[in-house]
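Sequential numbering of the sequence shown, starting at 56, is according to the working numbering. Positions of the beta carbon are idealized from the N, C-alpha and C atoms, including for glycine. Since the structure comes first, as structure tokens, the remarks are kept for the end.
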Amino acid sequence: MDISELFYSVQGEGKRTGIPSFFIRTNFCNLRCLFAGGNMCDTPYTSWDPEDALNIGKLHIAEIISEYEKNNCRDVVITGGEPAMQKEELVELCTALRKSNENVYITLETNGTIFGEFANRVDLLSISPKLKTSVPFGTKYEKIHLRNIKNHEALQKFSVLKTEGKTAVQWKFVFTGEDDLKEIKEFQKQYKIDNGDIYLMPEGITREQLDAKRLQTIEACLSNGYNFTDRLHIIAWGNKREFRTSHCSTDCKNLPPNNQPMYFLVPEFVTGK
Numbered sequence: 056m057d058i059s060e061l062f063y064s065v066q067g068e069g070k071r072t073g074i075p076s077f078f079i080r081t082n083f084c085n086l087r088c089l090f091a092g093g094n095m096c097d098t099p100y101t102s103w104d105p106e107d108a109l110n111i112g113k114l115h116i117a118e119i120i121s122e123y124e125k126n127n128c129r130d131v132v133i134t135g136g137e138p139a140m141q142k143e144e145l146v147e148l149c150t151a152l153r154k155s156n157e158n159v160y161i162t163l164e165t166n167g168t169i170f171g172e173f174a175n176r177v178d179l180l181s182i183s184p185k186l187k188t189s190v191p192f193g194t195k196y197e198k199i200h201l202r203n204i205k206n207h208e209a210l211q212k213f214s215v216l217k218t219e220g221k222t223a224v225q226w227k228f229v230f231t232g233e234d235d236l237k238e239i240k241e242f243q244k245q246y247k248i249d250n251g252d253i254y255l256m257p258e259g260i261t262r263e264q265l266d267a268k269r270l271q272t273i274e275a276c277l278s279n280g281y282n283f284t285d286r287l288h289i290i291a292w293g294n295k296r297e298f299r300t301s302h303c304s305t306d307c308k309n310l311p312p313n314n315q316p317m318y319f320l321v322p323e324f325v326t327g328k
């Protein structure tokens, strides 16, 4: 698989906030968000050109499992980028994770534009549809973002998973302001989503930005019966990407040697350029 980074931290968003988790962040995304408040994609280093100096690159699934097994945790979060761009490998990864730990709890974070068999292999689908306020108007990514932003067929398939009893689903929207509510409600009606499965999350990649947007987001949740989710990792560590050393004994040439940076302490967000 094409991997950006592997790290052990706590889940910072959604219904499993605060749970220690092993994060598998994949490379590449089919969108390029630029939100109304001026914040770019929160992980631009995994997106179109993942050439970050700390990017891992190609890993065999067995090597990912080996790193997971070094951490005493049940939860695994597969995030990106857009993990579904490697949908065949996702099925293999989930199978290997369950073979490694029969009690593993797998969360897959996706923008909901690509559906696949992987959706039936995870415990929680955390779907974050992108609203009109995410379009990078005036940039070279505008047209492709608009072309990919909504896949009705995929969203329809995701939306029935809960009713079929196959997979838990949460729908997480970045909340930039009151103008988002009309679009969220239309989306909710179209895909028959329960209020209890919707989470609004304040836009922001710094503590100060979250502080400025938090109360408005909470009030929108209270007025509409939605759930509020904060961004715990930003509150705790800010928007820095920090690492701790890995003691990796594998011979995999794509992994750093012993005592070199491998695990990132937190999935911190950086400001894109």
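On the three-pair Cβ rule with 8 Å, is the region 165-177 touching the region 106-125? Segment contact: the region 165-177 against the region 106-125, fewer than three CB-CB distances shorter than 8 Å; contact not assigned.
Close-in-space but distant-in-sequence residues of the same chain around Val159 (CB under 7 Å, 5 per side omitted): Once the five neighbours on either side are set aside, the close Cβ partners of Val159 are Arg129, Val131, Leu152, Arg153.
Quick one: measure Cβ to Cβ for Tyr246 and Leu210, integer angstroms, because I've assumed they're closer than 8 Å. Yes, Tyr246 and Leu210 are in contact; Cβ-Cβ is about 6 Å, under 8 Å.
With 16 other Cβ atoms within 10 Å as the buried cut-off, status of Asn85: Taking every protein chain shown into account, the CB of Asn85 has 16 or more other CB atoms within 10 angstroms, so this residue is buried.
So, using beta-carbon positions, are Pro257 and Gln271 closer together than 9 Å? Gln271 is positioned such that its CB atom lies closer than 9 Å to that of Pro257.
For Lys247, three-class secondary structure by DSSP: Secondary structure of Lys247 (DSSP, three-state): coil.
Do you know offhand how far Glu143's Cα is from Glu124's? Looking at the two C-alpha atoms, the distance is approximately 22 Å.
Is it buried or exposed for Asn94, if we count other Cβ within 10 angstroms and need 16 for buried? Here Asn94 scores only 47 on pLDDT, less than 50, and its place in the model is too uncertain to base an answer on.
Between Asn250 and Gly220, what straight-line distance do the alpha-carbon atoms span, to the nearest angstrom? So the two alpha carbons sit approximately 18 Å from each other.
Take Pro75 and list the residues in its own chain whose beta-carbon comes closer than 6 Å to its own, dropping the five residues that flank it on each side. Leaving aside the five residues that flank Pro75 on each side, the residues in its chain whose CB is nearer than 6 Å to its CB run, in chain order, Val65, Cys128.
From Pro138 to Ala267, what distance separates their C-alpha atoms? Taking the straight line joining both Cα atoms gives about 31 Å.
Close beta carbons around Cys149, own chain, < 7 Å, minus the five adjacent residues each side: Apart from the 5 residues on each side of it in sequence, Cys149 sits with its Cβ closer than 7 Å to the Cβ of Ile161, Phe173, Arg176, Val177 in its chain, given in chain order.
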